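Accompanying notes for the structure given below.
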Amino acid sequence: MKLQYPVTLQVNVKNLFDKTYYTSSIGTNNLGNQIGDPREVQFTVKMDF
1 MKLQYPVTLQ
11 VNVKNLFDKT
21 YYTSSIGTNN
31 LGNQIGDPRE
41 VQFTVKMDF
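In the numbering used here, the protein residues as written are 1 to 49.
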């Protein structure tokens, strides 16, 4: 199939290996820890016409 207009495909992945990480921490106990986001995948399709 041939497309008439140029198409761009893009894939973005955050936290590719789905590891647990902390974005911030306060003190030495677990009360102030903030866990980072899980894996996130984003697909983008762009067509210029």
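Backbone N, C-alpha and C fix where the C-beta goes; we use that ideal spot for every residue, glycine too.
Note that the structure is a prediction, hence the values are computed from the model and not measured.
{"Asked": "Residue 4, enclosing beta strand (DSSP E) - first and last residue", "Found": "That residue, residue 4, is in no beta strand (DSSP E); it is neither H nor E in DSSP."}
{"Asked": "Span of the beta strand (DSSP E), counted from its first residue to its last, around residue 19", "Found": "Per DSSP, residue 19 belongs to no beta strand (DSSP E) and is neither H nor E."}
{"Asked": "The beta strand (DSSP E) enclosing residue 49, as first and last residue numbers", "Found": "Here residue 49 belongs to no beta strand (DSSP E), and DSSP marks it neither H nor E."}
{"Asked": "Pairwise C-alpha distance: residue 4 and residue 14", "Found": "32 Å"}
{"Asked": "Neighbourhood of residue 36 by C-beta distance below 8 Å, restricted to the same chain and skipping five residues each side", "Found": "15, 20, 21, 22 and 23"}
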